[in-house]
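Working notes, beginning with the structure itself.
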Amino acid sequence: MVTNFNWGPSGDLKKVLRDLSFRYRLQKKIAHELKVGRKEAHLTQVQVADALNICQSAVSKYEAGKVSPDLTLLLSFCYLYGWTFEEFLLRLNIRTKGRF
370 MVTNFNWGPS
380 GDLKKVLRDL
390 SFRYRLQKKI
400 AHELKVGRKE
410 AHLTQVQVAD
420 ALNICQSAVS
430 KYEAGKVSPD
440 LTLLLSFCYL
450 YGWTFEEFLL
460 RLNIRTKGRF
C-alpha cells in the first residue's frame, strides 16, 4: 500500500531543505577541521584512533564527512588536538544570525 505524504505548505518544504543544507555544510566543516587539527598535531589517523580507542576507518569517515562524531567524541578530539570546545566552534565559523 502506498501512502501519500503531505509536505504541507511549500514553506515547510523550503524550511526542511534549508535545514538539511545547513546540516550538510556543518558536517563538512567539522570534517575539515578534524583533518586540519590532526595534521597540525602531526598525528596519523592510526595514532588518533589509538588515542581515542576507535578504529582508523572511523577517523577516516569523520574526516571525510561521511559520518559525524557525537559530542563526547568531539570533545575527545578537541582535547587530543589541544583545543577548547569553544575554540573548535570558533574554527567552524558558523553564522547563526536569523536561524534561531
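Positions 370 to 469 (this note's numbering) are the ones given, in order, by the sequence shown.
Quick reminder that beta carbons are idealized off the backbone N, C-alpha and C, glycines included.
Source: prediction; values computed, not measured.
If you ignore the 5 residues before and after Lys-397, its C-beta comes within less than 7 Å of the C-beta of Gly-434, all in its own chain and listed in chain order. Contact check for Gly-406 and Phe-446: beta-carbon distance about 7 Å, within the 8 Å limit, so the pair qualifies. If you ignore the 5 residues before and after Tyr-450, its C-beta comes within less than 6 Å of the C-beta of Gly-406 and Ala-410, all in its own chain and listed in chain order. For Ala-427, the three-state secondary structure derived from DSSP is helix. In the same chain as Ala-418, and ignoring 5 residues on each side of it, the C-beta atoms closer than 8 Å to its own belong to Cys-424, Gln-425, Ala-427 and Val-428, in chain order. DSSP, reduced to helix, strand and coil, places Asp-388 within a helical segment of the structure shown.
In terms of CA proximity to Arg-460, His-401 leads the group Leu-421, His-401, Tyr-448 and Ser-390. The continuous alpha helix (DSSP H) containing Asp-419 extends over residues 414-421. Excluding the 5 residues flanking it on each side, Val-415 has same chain C-beta neighbours closer than 6 Å at Gln-425, in chain order.
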